[in-house]
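Here is the structure we will look at, set down as structure tokens.
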Amino acid sequence: MSEITRMVVVLSLIAGFCSAALTAANIQLGPLVDKQTDLYVRGPALERLFGKPAGEVLGNKVIIHLAEQDIPVFFTRAEQAVSTLAVEAIGRGGFGGDLKIMVGIDLASERMIGMEVVSHSETPGLGARIEEITFRRQWQGLSTGDPIALTKDGGTIDAISGASTTSGAAVRGTNEALVFVRDHRDEILKSISELQKDS
Amino acid sequence: MAQKFTATLTAGLWKRIPPFRLVLGLCPSLAVTMSAENGMGMGLATAFVLILSNGAISSLRNIIPSKVRIASYIVIIATLVSIVEILMKAYFFPLSEQLGIYIPLIVVNCIVLGRAEGFASKNPPFISMVDGLSVGTGYAISLTLIGSVREILGAGSWFGMPVFGETFEPMAFLVSAPGAFVTIGTLLALQNLFSRWRGEKFIQG
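Those protein sequence lines, which keep their order, are chains H and W. The first sequence begins at 63 in our numbering and counts up one residue at a time. The second sequence begins at 762 in our numbering and counts up one residue at a time.
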């Protein structure tokens, strides 16, 4: 065997073996990683949204598969019926990239219970103030029937001063979540009842 | 054989202790030792990678053609580091968030590649793994030590537990980047002074 072939064969063998090992590790530990991400990244947002410890609500999770993306939906129950949903949405076009937000929706009264930021990379002191309660509180009690908008576009949400790009991204993400829930409500409820049967 | 075994096992703890004696792998030593816990986590992750990569590279040392050895080493090391990263995300999520980019950067840590090239490629698997264990343990101890000094003096706590009373005013600059240089420099100077006092021969400079 010539030297060149030997090099190619050895290197490919090593690379192949390494990819196999990595794939195995990913498949084996993937669900655990997802669980930990839920607990530490989404957990705090869910806790504030639902007012319950994260451990209680993290299990109440269904994933709706759409053509473009998978959307995680969390829910709580009041007397057997599903009462509130928390839908994760991407707020596109933030100042430092996309925002990941969670929109809480009360199904009975068809109003929002709040908006929480799961992760963002906005400027500290400006866009990062999206985490502050004074901004997020504006979402509470808004109707889910109509899209929301910033005041400069004739809506009710006051943008954070100096960070209208960030505020706009949060509003866009919310509207996406509202449309998603309106269009896929039956699908979400069906997945939740299937989850109930399984457990 | 037995003599070589003991020599290899103890070398990493004093004679070759990283990062002080080897003065390799300084980047993570400076960057992640804000607290004792971070230092220990980083040190243990590196030690784990070091033991396994030394073992793997040493068992393949006669198969790998010397022209592509660095590429092969990097592939093996990168695989091990990715596995460590997945393991950390699955079991120690908050720690992996804190260490962030420095976990994937173990791939290019000079200690790991240095031991692979300098030791594992010339010695049989078992003794190479002993070398990895010894150097890795030395690195973990050093990082924990640096982290402890910075955390105790800079934040007034050790592994998150408060050590001084309420009245202690921490030297906050020690937990920021300049404090890392000062701490490592001081520890290195102390070690060299001690070696000189004992008349050891391997002092740098």
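We put the beta carbon where it would ideally sit given N, CA and C, even for glycine.
Within 10 angstroms of the Cβ of residue i, are there 16 or more other Cβ atoms? Answer buried if so, exposed if not.
i	result
TYR258 (chain H)	The amino acid occupying residue 258 (chain H) in the given sequence is Gln; Tyr does not appear at that position. Looking at its Cβ environment, which holds fewer than 16 other Cβ atoms inside 10 Å, GLN258 (chain H) is exposed.
SER183 (chain H)	exposed
PRO789 (chain W)	buried
SER889 (chain W)	buried
ARG876 (chain W)	buried
GLY153 (chain H)	buried
THR947 (chain W)	exposed
ASN823 (chain W)	exposed
PHE1047 (chain W)	Absent from the structure is residue 1047 (chain W), since the part of chain W shown begins at 762 and ends at 966.
ARG104 (chain H)	buried
ALA151 (chain H)	buried
GLY78 (chain H)	exposed
VAL71 (chain H)	exposed
ARG234 (chain H)	buried
What's the C-alpha gap between residue i and residue j?
i	j	result
GLY966 (chain W)	TYR863 (chain W)	For GLY966 (chain W), the predicted structure reports a pLDDT of 40, less than 50, and the residue's modelled location is therefore unreliable. The matter cannot be settled from this model.
ILE192 (chain H)	LEU874 (chain W)	44 angstroms
ARG777 (chain W)	ILE133 (chain H)	52 angstroms
ARG348 (chain H)	PHE136 (chain H)	For chain H, the structure presents residues 63 to 261; residue 348 (chain H) sits outside this window and is missing.
GLY915 (chain W)	LEU866 (chain W)	26 angstroms
GLN952 (chain W)	GLY230 (chain H)	57 angstroms
PHE934 (chain W)	SER205 (chain H)	50 angstroms
ASP168 (chain H)	LYS123 (chain H)	16 angstroms
ALA763 (chain W)	GLU912 (chain W)	40 angstroms
GLY802 (chain W)	GLY897 (chain W)	12 angstroms
GLY159 (chain H)	GLU130 (chain H)	19 angstroms
PHE242 (chain H)	GLN202 (chain H)	19 angstroms
Give the residues of chain W in contact with residue i, contact being defined as C-beta atoms less than 7 angstroms apart.
i	result
ILE76 (chain H)	SER833, VAL836 and ILE837
ARG199 (chain H)	Simply none; closest approach about 28 angstroms.
ASN88 (chain H)	ILE847
Closer than 9 angstroms by beta-carbon distance: list the chain W residues that pair up with residue i, in chain order.
i	result
GLU65 (chain H)	PRO826 and LYS828
VAL72 (chain H)	LEU821, ILE824, ILE825, PRO826, VAL829 and SER833
ARG244 (chain H)	Residues of chain W passing the Cβ test: none, with the nearest at roughly 34 angstroms.
Cβ of residue i versus every heavy atom of the ligand HEM: is any distance shorter than 7 angstroms?
i	result
LYS214 (chain H)	In the structure on display, the ligand HEM does not appear, and there are no ligands present to speak of.
Anything in chain H within Cβ reach of residue i, meaning under 7 angstroms, just list it in chain order.
i	result
SER843 (chain W)	LEU84
For residue i, which residues in chain H fall below 8 angstroms Cβ to Cβ?
i	result
PRO855 (chain W)	TYR102
* Asked: Does the segment 178–198 of chain H come within contact of the segment 208–228 of chain H, defined as at least 3 CB pairs closer than 8 angstroms?
  -> yes
* Okay, do the segment 790–809 of chain W and the segment 916–926 of chain W touch, 3+ Cβ pairs below 8 angstroms being the bar? -> yes
* Asked: If you pair each beta-carbon of the segment 802–816 of chain W with each one of the segment 839–849 of chain W, do three or more pairs fall below 8 angstroms?
  -> yes
* Asked: Between the segment 892–899 of chain W and the segment 771–785 of chain W, are three or more C-beta pairs nearer than 8 angstroms?
  -> yes
* To do: Pair every Cβ in the segment 91–105 of chain H with every Cβ in the segment 848–860 of chain W, then say whether three or more of these pairs are closer than 8 angstroms.
  => yes
* Go through the segment 762–834 of chain W residue by residue and report every complete run of the beta strand (DSSP E) that reaches 3 residues or more, in order. => none
* Count the CB pairs spanning the segment 878–886 of chain W and the segment 777–787 of chain W that are closer than 8 angstroms, and state whether there are at least three. => no
* Quick one: complete beta strand (DSSP E) runs, 3+ long, within the segment 158–228 of chain H? -> 159–168 and 173–181
* Three or more beta-carbon pairs under 8 angstroms between the segment 164–180 of chain H and the segment 114–124 of chain H, yes or no? -> no
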